[in-house]
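2 protein chains.
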Amino acid sequence: MINFRPQNYLMKKIKMKFKRRTHTCGELKPTNADEKVVLNGWVNRKRDLGGVIFIELRDRYGVTQVIIEPEHNPEAHQIGKELRNEFVVSIEGTVRQRPDDQINKDVTTGEIDVIVDKLVILNEAETPPFSIKDEVDAFEDLRLKYRYLDLRRPVLQKTLLLRHRMYQLVRKYFDKNSFVEIETPVLMKSTPEGARDYLVPSRIHKGKFYALPQSPQTYKQLLMVSGFDRYFQIVKCFRDEDQRADRQPEFTQIDVEMSFVDIDDVFEIVEGLMKVLFKDIWQLELQTPIQRLTFDDAFEKYGTDKPDLRFDLELQTLNSVFEKSGFKVFKDAVNNGGVVSALVAPGCAAYSRNQIDNLTTHVKKLGAKGLVWMKVNENGIDSPVAKFLADDEKQNLIKSLSAKSGDLILILAGKRLKTLNQMGGLRIEMAKRLELLNPDSKPKLLWVTDFPLLEWDEETNRFYAMHHPFTSPRLEDVELLDTDPGKLKARAYDLVLNGHEIAGGSIRIHSSELQAKMFKVLGISKGEAEKKFGFLMNAFKYGAPPHGGIAFGFDRMVMIFAGETSIRDTIAFPKTTSAVSLMDDSPSEVSEEQLKELHIRIREE
Amino acid sequence: MINFRPQNYLMKKIKMKFKRRTHTCGELKPTNADEKVVLNGWVNRKRDLGGVIFIELRDRYGVTQVIIEPEHNPEAHQIGKELRNEFVVSIEGTVRQRPDDQINKDVTTGEIDVIVDKLVILNEAETPPFSIKDEVDAFEDLRLKYRYLDLRRPVLQKTLLLRHRMYQLVRKYFDKNSFVEIETPVLMKSTPEGARDYLVPSRIHKGKFYALPQSPQTYKQLLMVSGFDRYFQIVKCFRDEDQRADRQPEFTQIDVEMSFVDIDDVFEIVEGLMKVLFKDIWQLELQTPIQRLTFDDAFEKYGTDKPDLRFDLELQTLNSVFEKSGFKVFKDAVNNGGVVSALVAPGCAAYSRNQIDNLTTHVKKLGAKGLVWMKVNENGIDSPVAKFLADDEKQNLIKSLSAKSGDLILILAGKRLKTLNQMGGLRIEMAKRLELLNPDSKPKLLWVTDFPLLEWDEETNRFYAMHHPFTSPRLEDVELLDTDPGKLKARAYDLVLNGHEIAGGSIRIHSSELQAKMFKVLGISKGEAEKKFGFLMNAFKYGAPPHGGIAFGFDRMVMIFAGETSIRDTIAFPKTTSAVSLMDDSPSEVSEEQLKELHIRIREE
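Given below as structure tokens:
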């Protein structure tokens, strides 16, 4: 509710004049001493020492202390008394160098004050619902509702300024490397993976819908067919999925595609970009080429396809040790094509029963039935399962793990990917307990390659493309498409930074015949392929070059480079995990009139 | 339909290897003579002179002539025979300097050929549905359906490369001037002007909808409240309106907002940008400040708020001449608060009856009842209405228009804006006939200022905001809001280039009280304002700085700088005037399953 003030007060306030600033609040230095200046900004803090009023005046660029002295300008002093935090003011004054003992080295303007000659209140402010400072004590929901105030906090300003710098660095890099920035449509066609498409009803064409892009994949491939050779775009994409902590319904991608390339060419371009970002943001010289690991190796060693390599703590496969074991759990796992995987936690043999129980609970949450543990001591192994193991098994085990007295060995056995995945979770947990990660840990990049092309879905009894249906299989063994498609590897790759997947891409299929074959393997009928992707298939018939590309999750990149832990803190106006904007309360109800115009109605059931 | 080839042929083709190019097709010069090179590209043209085959090999960067000599490499020659236009090939060969008499100065690579050692066909191509050349003979619908082929035409490649350059220039300029690039949401709240909103049903929240932004207006104002001080973004916006020739349902804006500014500050920033673009794209030194004209003057002189000032041909108001005229049409117009407006067409007194009839038809199409014409000769005036005019009126007329013998005077009289608007159309028509515009005409920029704040709508009997409801009225006479709002001018401005509005903006209201007052004048109830804009009004209570900004129609800017005449030719994948993408056939029908997920159904009626 707006409370109207008396008309003449309002008019006076509205007509308030102010001068253009001569400097920002982060700019003045002793060299400006005795200059007349104009500053505009917000009252960050006010101290009224009876006579003299000290104001920290804040804008995006910094904070300057301005001083209102009653004898110097009584009128300004009178107005100054009215000031409260977050008032917007314009001041004219004179720069004064501080005496040496009052210099504040923590702020860039700490060597000067501004003595106020004139003070104008440009706008008043009610008391904000939370303090405008980094260590805010408010719940996130309240901060999101008042996002425009939350965004005044220095930490968010800093993150968004970093994001700004990253946009510029990324575009400059691609521009320099002959990539063309091209915008692709936001209103496009709904695709077969359409279950997660946001749809937009057409007013002009009754009963028809556009879809918002989950990615500009088909368009960037068409741009290669058009001969643009190198394309990039920083672009919004949309996915209407059940939100997870680090997902947003709309997210930003750096989208890249190149013609006449193979994997190494894409890697070279991406590594160049990473060099720039490491250097500019972290002042680090990134060594290239970036380490590569196949999907299979990544799982075997780290139990994930996005391992955090800032610490070691590798998993080790013990199948050869236990293939003839008397311990049924291990033997069965090996003989059924599964895995026995172990992790050596150095120096943890002293873990209490309670500590080990907690680890067991942890892996059970990840789906494991239980956790086998073994404490290594000078006499051998202390473990509940020790009695099931032969002596040479125990020796082999210790030897093959290079375990030492005082170590704790943790083992899971079972189906391969599932078990390794649980071990991956355990690895992260142990790294936390062992405090292997610290703020000084150097960031670590990794390429993961040779992903499986297809995933078999037990439920629907068919293959799905692990990346997307346009991903090229490895050409060396493309014949497997006809005989054993599940074994085929893709020319796909992910870029992993500190355990986060920050980019993923592939070399694409550029032959319409191979693409048709691929659709067939995926159980997409000719008719369906024609209807959904006809234009892409058609395009391939008119001279499509070999091409490939990659897409970066920009929000996540900003998060990591900013040292933040929440995607939401990298986005000016984010949505909650349930896809709601608490600030403007969208999505919201619309009028019957609007729905009528769009030829839709809301379902009753 | 894909015709499957024999399996072994397909596999051989799919596995085809090619080398990374050493050069692009626009790069080789005599200094490369005798080098071994690899080029990848498309067959632009093939000439088979019985023995020797000449191929123009094309990529984005240029065209290089490659020569396949049968005796030099019989195998390559055999493959070369199969080539047709738009085949994708990779060649290895040796650069050969051309003899002087074969040098082609028109292309950058015209001094060399490449003699082919090895030739690989990377992909075949069917005959395209139209020729890949600038002077294409196909209808636009066919070109849009095969947009990926249309985009191979040099003129479209050139326009999109210019667009790429403009993105970089614009962002570099704003970055250099401390503007922060911030992305605003695409999924937002439907606003009162919501009739033209594209809506997006929420899957998670039944019966609720997001809207796509018609502009990021509220967000950029909130960013000013947040203290970001200077914001910019090149951003997609959406409007579901009946399409006109130069409109697209999704369009791109350069969006700008600044704090602690008045009109001159915004102008200074924009003029700096224009200087950069004029210099970089047109090699012109733009003189600043850019000419300014009030809305009233623009209409009076040019009959439009976006006059093309590359030619003069000013309108002249004759009210003072005719206020006591015996010619009722003129006198009534003057006395009813209307206008009598004239245009002198120099040297057109010789126009035939037929020519004048065509002009009459032209203004009738614009809504005029008829056109008054007068031919000036040495004896005075020859006109069907001459007999109604007194002698001193005729003399005054000629004098006040500075008309000369041989000139043709064209006059319309009636309601002010309507009549001036028709005269504006007539002015453009006469400029065409007089060929006042030619390719060498220097581009002309103009600020139009002092727009009316409000427009009265006869039908709904209420005021509408001429720009939008956040536009600040002129503060000098803000009291008119209470007494005679229709007379109030806005602190709004448009930037006009060659008769096209390329940008529009305003200083905004930053007082929640004035904003509330404005909503009241616009007939938006407190409840409605609260519901729709509550978050913005609320934000204004916590210290909103004075702020203003501007938004550029980027597509139109590219069109003008590229010298194009259609917005569609500046967009990679445009939609038709009925908002359809002919390439992917969107909007399209979606499955009942999808609609169910979104809790909507299509209306029966």
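Order-wise, the sequence lines are chains A and B. If you count the first sequence from 1, position 394 lands on 593 in my numbering, and the numbers rise without skipping. If you count the second sequence from 1, position 358 lands on 557 in my numbering, and the numbers rise without skipping. Just so you know, even glycine gets a beta-carbon here, dropped at the ideal spot from N, CA and C.
Quiz item: Using 7 angstroms as the limit for Cβ to Cβ distance, is residue 574 of chain A near chain B?
Solution: no
Quiz prompt | chain B contact residues for residue 325 of chain A, given Cβ-Cβ distances below 7 angstroms | solution = 740 and 741
Exercise. Could you name the residues that DSSP lists as bridge partners for residue 244 of chain A?
Key: A:255
Exercise. State the DSSP-derived secondary structure class of residue 295 of chain B, mapped to helix, strand or coil.
Key: strand
Quiz prompt | Contact residues within the region 395-416 of chain B, judged by C-beta distance below 8 angstroms to chain A | solution = 396, 397, 398, 399, 400, 401, 402, 403, 404, 405, 406, 407, 408, 409, 410 and 411
Exercise. Determine, using beta carbons only, whether residue 802 of chain A comes closer than 7 angstroms to chain B.
Key: yes
Quiz item: Can you pull the DSSP bridge partners for residue 646 of chain B?
Solution: B:491 and B:694
Exercise. Under 8 angstroms by Cβ, that's how I've got residue 749 of chain B and residue 379 of chain B pegged, so tell me the actual separation to the nearest angstrom.
Key: Not a contact, Cβ separation roughly 16 angstroms.
Exercise. Keeping to the same chain, check which residues put their C-beta closer than 6 angstroms to that of residue 506 of chain B; ignore five residues upstream and five downstream.
Key: 497
Exercise. Entirely within the region 744-777 of chain A and at least 3 residues each: give me those beta strand (DSSP E) ranges in chain order.
Key: 746-752
Quiz item: In chain order, what residues of the same chain lie with their CB nearer than 6 angstroms to the CB of residue 402 of chain A, ignoring the 5 residues before and after it?
Solution: 796 and 797
Practice problem: Would you kindly report the start and end of the unbroken alpha helix (DSSP H) that includes residue 480 of chain B? | Solution: 462-481
Self-check item: Helix, strand or coil at residue 410 of chain B according to DSSP, with G and I counted as helix
Solution: strand
Quiz item: Is the distance from the Cβ of residue 688 of chain B to the Cβ of residue 673 of chain B below 7 angstroms?
Solution: yes
Exercise. Identify the contact partners of residue 241 of chain B in chain A, using a Cβ-Cβ distance below 7 angstroms as the criterion.
Key: 426 and 742
Quiz item: Which word fits residue 311 of chain A, buried or exposed, when buried means at least 16 other C-beta atoms lie within 10 angstroms of its C-beta?
Solution: buried
Exercise. Whole angstroms is fine: what's the gap from residue 262 of chain B's alpha carbon to residue 300 of chain B's?
Key: 19 angstroms
Quiz item: What is the C-beta distance between residue 541 of chain B and residue 608 of chain B, in whole angstroms, given that I count them as a contact (C-beta under 8 angstroms)?
Solution: 6 angstroms
Quiz item: What residues from chain A crowd round residue 222 of chain B, counting only those whose CB sits closer than 8 angstroms?
Solution: What residue 222 of chain B touches in chain A: nothing, since even the nearest Cβ is about 12 angstroms away.
Quiz item: Taking 7 angstroms as the CB-CB cut-off, is residue 798 of chain B touching chain C?
Solution: Absent here is chain C; the protein component of the structure consists of chains A and B.
Practice problem: Return no unless some Cβ of chain B is closer than 7 angstroms to the Cβ of residue 767 of chain A. | Solution: no
Quiz prompt | Rounded straight-line distance, which links the Cα of residue 243 of chain B to that of residue 203 of chain B | solution = Unreliable placement is indicated for residue 203 of chain B, whose pLDDT of 43 sits below 50; no coordinate value is reported for it.
Quiz prompt | Interface partners of residue 452 of chain B on chain A, CB under 7 angstroms | solution = None at all; the shortest Cβ gap to chain A is about 12 angstroms.
Quiz item: Could you give the C-beta distance for residue 387 of chain A and residue 785 of chain B, rounded to a whole number, given that I count them as a contact under 8 angstroms?
Solution: 6 angstroms
Exercise. May I ask you to verify whether the region 623-639 of chain A touches the region 471-487 of chain A, counting CB pairs closer than 8 angstroms and requiring at least 3?
Key: no
Self-check item: Expected contact under 8 angstroms - CB spacing of residue 454 of chain A and residue 431 of chain A to nearest Å
Solution: 6 angstroms
Exercise. Drop a sphere of 10 angstroms on the beta-carbon of residue 626 of chain B, count the other beta-carbons inside from all chains shown, and report buried for 16 or more, exposed for fewer.
Key: buried
Quiz item: Which bits of chain A does residue 386 of chain B rub up against, with CB to CB less than 9 angstroms?
Solution: 397, 411, 437, 448, 449, 774, 778, 780, 785 and 786
Quiz item: Whose C-alpha, out of B:290, B:330 and B:358, is nearest the C-alpha of residue 235 of chain B?
Solution: B:290
Quiz item: Within 10 angstroms of its Cβ, does residue 682 of chain A collect 16 or more other Cβ (buried), or is it exposed?
Solution: exposed
Practice problem: Note down the Cα distance separating residue 276 of chain B from residue 323 of chain B, rounded to an integer number of angstroms. | Solution: 17 angstroms
Quiz prompt | Same chain, Cβ closer than 6 angstroms to residue 372 of chain B, five either side skipped, listed in chain order | solution = 472 and 475
Practice problem: Would you check if the distance between the CB atom of residue 716 of chain B and the CB atom of residue 680 of chain B is smaller than 7 angstroms? | Solution: yes
Self-check item: Residues of its chain near residue 544 of chain B, where Cβ-Cβ distance is below 6 angstroms and the 5 sequence neighbours each way are ignored
Solution: 607 and 629
Self-check item: Cα-Cα separation between residue 708 of chain A and residue 563 of chain A, rounded to whole angstroms
Solution: 41 angstroms
Self-check item: Neighbouring residues, chain B, relative to residue 367 of chain A (Cβ below 9 angstroms)
Solution: 370, 371, 374 and 380
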